[in-house]
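**Student:**
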Amino acid sequence: MVPDPEAELSSLASQLDELIVRVASILGDMEGGDRSDGQSALLEVERHLVGARRELERRTRQTVDDGQ
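Each residue of the sequence shown is one higher than the one before, counting from 7 in the working numbering.
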């Protein structure tokens, strides 16, 4: 049985949301000091995760607009 692509994408979106929250939480715990290399790297990770989430939203909207 082939999984429903829309269900798979929805699951991925939820996982990305959870990762974004977890990375933001770690960053929140690191606040208060000079920006370390580790903190800069996590900010970059967060930025990429948010971008990936936005692309999934765009793809989902496009599919709905196309009537699929």
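Using N, Cα and C, we set each Cβ at its ideal position, and we do this for glycine too.
Here's a check: name, in chain order, each residue in its chain whose Cβ is nearer than 6 Å to the Cβ of S20, leaving out the five neighbours to either side.
**Tutor:** None.
**Student:** Under a Cβ-count criterion, where at least 16 other Cβ atoms within 10 Å of its own Cβ denotes burial, should L18 be classed as buried or exposed?
**Tutor:** Under this definition L18 is an exposed residue.
**Student:** What is the DSSP secondary structure of G38, counted as helix, strand or coil?
**Tutor:** coil
**Student:** Quick one: what does DSSP say V8 is sitting in, helix, strand or coil?
**Tutor:** coil
**Student:** Rounded to a whole number of angstroms, what is the C-alpha to C-alpha distance between R67 and D35?
**Tutor:** 35 Å
**Student:** Based on Cα-Cα distance, which residue from E14, V8, P9, M7 lies nearest to L62?
**Tutor:** Looking at the Cα atoms, E14 is the closest of the given residues.
**Student:** Which of helix, strand or coil does DSSP assign to D71?
**Tutor:** helix
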